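Participant: The structure is given below, and queries will be raised subsequently.
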Amino acid sequence: MTSPLDVTGSAAEAQPESVLAGVGEKTIEGRSLGQIAWMRFKRDRVAMAGGVVVVGLVLLAVLAKPVEAVFGLDPNAFHQELIDPVLLKPKGSFGGVSWAHPLGVEPQYGRDLLARIIEGSWVSLAVAFGATLLAVTIGTVLGVMAGYYGGWVDTVISRLMDIFLAFPLLLFAIALSASLQGGAFGLHGLTLHISVLIFVIGFFAWPYMGRIIRGQTLSLREREFVDAARSMGARGPYVLFKELLPNLVAPIIVYSTLLIPTNILFEAGLSFLGVGIQPPQASWGGMLNQSISLYQADPWFMVVPGLAIFITVLAFNLLGDGLRDALDPRSN
Amino acid sequence: MTAYIVRRVIAAIILLIVVTMITFAIFFLVPRLAGETSTQLAAQYVGRDPSPDALAAVQKNLGFDQPLYQQWWEFAHGIVAGRTFRYGPDASVCHVPCFGYSFKSHLPVWPEITSRLPVTISLAAGAAVIWVITGVAIGVLSALKRGSVFDRFSMGLALAGVSLPIFFTALLSLALFSYKWPVFPNLQYVPITQNPVLWAKNLVLPWITLAFLYSALYARLTRAGMLETMSEDYIRTARAKGLPERQVVIRHGLRSALTPIITIFGLDLGLLLGGAVLTETAFSLPGVGQYAVEAITDNDLPKIMAVTTLAAFFIVVANLVVDVLYVAVDPRVRYR
C-alpha cells in the first residue's frame, strides 16, 4: 500500500560515495531518526499537502466557535425566506449559493451550510481524536504486555482481541449509542453524545492497534539490544519503557494517523444512521442523513457534507501513508 | 487435519457462546446503567398508562424478573432446542432455532430474519464477485507496472475510494443514476425467484457502490502484497530457471500474494452477511442490516439478540472456513 507516494529511484538509495566525498570538507553530523524521517517526509509532496490540509482542518476545528463569531455565522439560524415554500429547496442555483451563504443553505429550513460544516468539523475531529487516543492507549498497553510477557498473559489478551474482532462492531456501536441517548453517567446532551461516541468507537477499535503493537513487540523482544540491556541487569519496567517503547513510537504514530480517518468515517456513519450526534447540533453524518429524504429536491445539499468528509479523510490518509513511508525504512 | 477442524469448530462454538453472553449482558446492563428498573423496562412494551398488574404480567412474561444468567440460559436453550412460552392459559411453542418473539410486534423473530436474509446475501455476494475480480486485477496490474500512468491513476482512484464514506457514494449514485438520469429508476428489491432480470437490474447500483469501496481496499492490499512477493528470492529463482514471465507471476507470485487477501475476504464477507447496515439504509433495501437498525431503534431485545448472534455467527464461520482453507491452500501453514 505504499506507492505512488513513496520515493523511488536514486533519491531513495543511500549514496555512500557522496557521504565519503563530503568527509574532507565539512564535519558529518549524526541525524536522529526523527530528522531522517522529516527529511524523507518533506520530499513527499503529496503527503505534505495532506499534512497541510490536516493542520488547517485541526485549526478550523479548534477555532470553530471564534470563527463563527467573527464571521457572524450562526449554524442554527433559520432562513425561511430563502426557501421555496412549494419545492422546499433553496431559491437560486447550487443550493442557494450567495455572498452571505458561500456554500448555500439547507433545504427546508434554510440554515447556513458553511456554518454547519464548520460546526460539524469540531464535533467530527473531537470524536475521532478522542476515540483514537482511547484505542491507541488500550491497544498499546495490552499489545506491549501480550508481546513482552508472552505465556498466559499473551493467551488471555490475544483471545480477548479475537472475541472483540468476532463482534459485529457496527451493530454494537449502533445499539450502545442508541441505548445511551437518553442520559447516562450523569451526562446529558452534546457532552453525552460525544463521550458515548468516543467510548464506543475507541473501545471497538483497540484490537487492531493491539495486534500491530503485539507483533512489533514480539520481534523487538528478540533483538540484541534488549538482550544487552537485560544482561546488564535491566528489569521489566526499564526494558519496557526505555528499550521497547521508544522503538514503538514510529508504528504508534503511523497507525494512529491511519486510525483517525477510519474513526471519522465511523462517527459519520453512526450519525448518518441517526444514533450518533443528535440534532440540532450540526454533524457531517447527520447532514447526510437529512439529505436521504431531500436529495431529490436539492442534490447540492448532500454534496457539501459528503465532500467535507471526503477531503478530511483523504488528507489524513495521505498524511498517514506519507508518515509510514518516512518512518518505516523497509517501505522504500 | 480432521482433528484440527474439530478443534477449530469447538473453539468457534465457545466463541459464539461468549459473544451471545456478552451481548446479553450489555443489553441488560446498559439500560440499568442509565438508571432503569426492570419494571420501567417492561413499561416500554405495554400500552400507555398501564395498570400495575399488566406491568407485572409483562415483566414476568418477558422474563425480566429472573436473574440474568437464567434469562440467557433460556435464550440459548431456545436456539438449540426450542422453547415454550406461556402467556396465561395459552402456551406457544417456538421451534428450533428459536430467537423468541418481538417485544413490540409479538411476531416470532426467526422467520422475519430468514425472509430478509436473501436481500443481504444477494447484495453481499454480488458485490463480492465484482470487488474480488476488479480489486485483485487492478492490484496485480499496478504492482507489475509500478510507477506507470495506470498504476498512479488506479492507486489515486483507490485512495479516493477508501476515503469516500459509503453512504455518500450511495446517495450520490442514487441522485445521479436513479433520479437525474433514471437509468435505474424506482429501485426496490425484487426476489430473484420472482424476476431474475429485475432482481439484478435493481441491485446494480448497490453492488457497484459497495464494490467500489472494497475494490479500492483490495487493490491497495493486493498491490502491496504483490510488490513484496515479487521481490522475493524464489521469484528470481523461478525467472532464472527460465519459466515464462506469465507463469512466474501467476504460479509463484499471485499464489502467495493472495493468501492474506483470502483471510481478509472471508472476514469482510462474513461481516457483510450479518447486515450491510449503511448500504442497506442508504438504498432502503429490506435486508438484515435494516432490520438491525429497526430492532435497535425500537430497543426490541429479542430482535437485537437475534441479529447480533446471526452476525457473530457469520463472522465466526467465515473465520473458520478461511482458517481451514488456508491450511489447504498454503502448505507452509502447519496446523497444531
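Protein chains in written order, with my numbering: chain A, 984 to 1315; chain B, 23 to 358.
We put the beta carbon where it would ideally sit given N, CA and C, even for glycine.
Because the structure is a prediction, the values reported are computed rather than measured.
(1) Measure the C-alpha to C-alpha separation of Tyr-1238(A) and Gly-1303(A) and round it to an integer number of angstroms.
(2) Can you pull the chain B residues whose beta carbon is under 8 Å from the beta carbon of Asp-1145(A), in chain order?
(3) Can Asn-217(B) and Gly-292(B) be called in contact, C-beta distance under 8 Å?
(4) So what does DSSP say about Pro-218(B), is it helix, strand or coil?
(5) Within a Cβ cutoff of 6 Å, which residues of the same chain sit near Ser-195(B), ignoring the five residues on either side of it in sequence?
(6) Relative to the alpha-carbon of Thr-330(B), which residue among Tyr-26(B), Ile-27(B) and Val-131(B) has its alpha-carbon at the smallest distance?
(7) For the alpha helix (DSSP H) that contains Tyr-1092(A), what are its first and last residues?
(8) For Ile-32(B) and chain A, any beta-carbon pair shorter than 8 Å?
(9) Among Ile-32(B), Trp-95(B) and Lys-82(B), which one has its Cα closest to the Cα of Ala-47(B)?
(10) Excluding the five sequence neighbours on either side, which residues of its own chain have a C-beta within less than 8 Å of the C-beta of Leu-313(B), listed in chain order?
(11) Leaving out five residues on either side along the sequence, give the residues of the same chain with a beta carbon under 8 Å from the beta carbon of Ile-152(B).
(12) Kindly indicate which residue of Leu-1071(A), Asp-1057(A) and Leu-1056(A) has the alpha-carbon position closest to the one of Gln-1063(A).
(13) Output the distance between the C-alpha atoms of Pro-1058(A) and Ala-1265(A), rounded to the nearest integer angstrom.
(14) Identify the contact partners of Pro-204(B) in chain A, using a Cβ-Cβ distance below 8 Å as the criterion.
(15) Taking CB distances under 8 Å as the criterion, tell me whether Gly-296(B) reaches chain A.
(16) Since Leu-243(B) contacts Ile-286(B) with CB under 8 Å, what's their CB separation in whole angstroms?
(17) Is the CB of Tyr-1191(A) under 8 Å away from at least one CB in chain B?
(18) Short of 8 Å Cβ to Cβ, which residues in the segment 1231-1263 of chain A face chain B?
(19) Quick one: what does DSSP say Ser-1178(A) is sitting in, helix, strand or coil?
(20) Return the bridge partner residues of Tyr-123(B) from the DSSP annotation.
(21) Assuming Leu-303(B) and Gly-311(B) are in contact, meaning their beta carbons sit under 8 Å apart, how far apart are those beta carbons, in whole angstroms?
(22) Quick test of the definition: if touching needs 3 or more C-beta pairs under 8 Å, does the segment 1252-1262 of chain A touch the segment 1126-1144 of chain A?
(23) Find the residues of chain A that neighbour Tyr-123(B), judging by a C-beta separation of less than 8 Å, and give them in chain order.
(24) Give me the residue from Asp-1311(A), Val-1287(A), Leu-1306(A) and Ile-1243(A) with the minimum Cα distance to Ala-1118(A).
(25) Taking all protein chains shown into account, decide if Thr-985(A) is buried (16 or more other Cβ within 10 angstroms of its Cβ) or exposed.
(26) Should Ala-1111(A) be flagged as near chain B, meaning a C-beta pair shorter than 8 Å?
(27) Taking 8 Å as the limit between beta carbons, can you name the residues of its chain near Pro-282(B), skipping five residues before and five after?
(28) Examine chain A for any beta-carbon lying closer than 8 Å to the beta-carbon of Pro-119(B), and answer yes or no.
(29) Comparing the C-beta of Tyr-348(B) with each C-beta of chain A, is any distance below 8 Å?
(30) Would you mind stating whether Ala-1309(A) and Ala-1020(A) have Cβ atoms separated by less than 8 Å?
(31) In chain order, which alpha helix (DSSP H) runs of at least 4 residues are fully inside the segment 1214-1291 of chain A?
(32) Report the CB separation of Tyr-211(B) from Leu-307(B) in whole angstroms; it is logged as a contact under 8 Å.
(33) Going along chain B, which residues have a C-beta under 9 Å from Ala-1265(A)?
(34) Just the Cα atoms here: how many angstroms apart are Val-1037(A) and Gln-93(B)?
(35) Spell out the partners DSSP gives Pro-1073(A) in its beta bridges.
(36) Tell me whether the beta-carbon of Ala-1098(A) lies closer than 8 Å to the beta-carbon of Ile-337(B).
Facilitator: Quick look at the numbers:
(1) Approximately 7 Å between the Cα atoms of the pair.
(2) Those are Leu-37, listed as they occur along chain B.
(3) A distance of 8 Å or more separates the beta carbons of Asn-217(B) and Gly-292(B).
(4) Reduced to three states, the DSSP call for Pro-218(B) is helix.
(5) Contacts found: Leu-227 and Thr-231.
(6) In this structure, Val-131(B) is the residue among Tyr-26(B), Ile-27(B) and Val-131(B) with its C-alpha nearest to the C-alpha of Thr-330(B).
(7) Tyr-1092(A) -> no alpha helix (DSSP H), and no H or E assigned at all.
(8) No, Ile-32(B) does not count as interfacial toward chain A.
(9) Ranking the options by Cα distance to Ala-47(B), first place goes to Trp-95(B).
(10) Before going further, note that residue 313(B) is Tyr rather than Leu in the sequence given. Once the five neighbours on either side are set aside, the close Cβ partners of Tyr-313(B) are Glu-134, Ile-135, Arg-138, Gly-297, Lys-325 and Val-329.
(11) Excluding residues within five positions, the ones whose Cβ falls inside 8 Å are Trp-229, Ile-230, Ala-233 and Ser-237.
(12) Comparing Cα-Cα distances from Gln-1063(A) to each of Leu-1071(A), Asp-1057(A) and Leu-1056(A), the minimum goes to Leu-1071(A).
(13) Pro-1058(A) and Ala-1265(A): Cα-Cα distance of roughly 7 Å.
(14) None at all; the shortest Cβ gap to chain A is about 11 Å.
(15) Interface flag for Gly-296(B) against chain A is set, since a Cβ pair is found closer than 8 Å.
(16) So it is a contact: roughly 7 Å between Cβ atoms.
(17) Residue-level contact by beta carbon fails for Tyr-1191(A) and chain B, as no gap is shorter than 8 Å.
(18) Along the segment 1231-1263 of chain A, going in chain order, the ones with a CB nearer than 8 Å to a CB of chain B are Pro-1244, Leu-1248, Ala-1251, Gly-1252, Phe-1255, Leu-1256, Gly-1257 and Val-1258.
(19) Per DSSP, reduced to three states, the secondary structure at Ser-1178(A) is helical.
(20) Under DSSP, the beta-bridge partners assigned to Tyr-123(B) are Pro-130(B).
(21) The residue you asked about is not Leu; residue 303(B) is Thr in the sequence shown. Going by Cβ atoms, the distance from Thr-303(B) to Gly-311(B) rounds to 7 Å, so yes, they are a contact pair.
(22) The segment 1252-1262 of chain A is not in contact with the segment 1126-1144 of chain A.
(23) None at all; the shortest Cβ gap to chain A is about 19 Å.
(24) Taking Ala-1118(A) as reference, the option from Asp-1311(A), Val-1287(A), Leu-1306(A) and Ile-1243(A) with the minimal CA-CA separation is Ile-1243(A).
(25) For Thr-985(A), the predicted model reports a pLDDT of 43, less than 50, meaning its position is unreliable; a value from the coordinates is still stated below. By the neighbour-count rule (16 or more Cβ atoms within 10 Å), Thr-985(A) is buried.
(26) Not a single CB atom of chain B sits nearer than 8 Å to the CB of Ala-1111(A).
(27) Within the same chain, Pro-282(B) has close Cβ partners Leu-243 and Gly-247.
(28) At a cut-off of 8 Å between beta-carbon atoms, Pro-119(B) makes no contact with chain A.
(29) The beta carbon of Tyr-348(B) sits no closer than 8 Å to any beta carbon of chain A.
(30) One thing to note: Ala-1309(A) has its Cβ within 8 Å of the Cβ of Ala-1020(A).
(31) Counting only runs of 4 or more, we get 1228-1255 and 1267-1277.
(32) The pair is a contact, with the Cβ atoms about 6 Å apart (cut-off 8 Å).
(33) For Ala-1265(A), there are no neighbours in chain B by C-beta distance under 9 Å, as the nearest C-beta there is about 16 Å away.
(34) Here the alpha carbons of Gln-93(B) and Val-1037(A) stand approximately 49 Å from one another.
(35) Beta-bridge partners of Pro-1073(A) (DSSP): Ile-1066(A).
(36) No.
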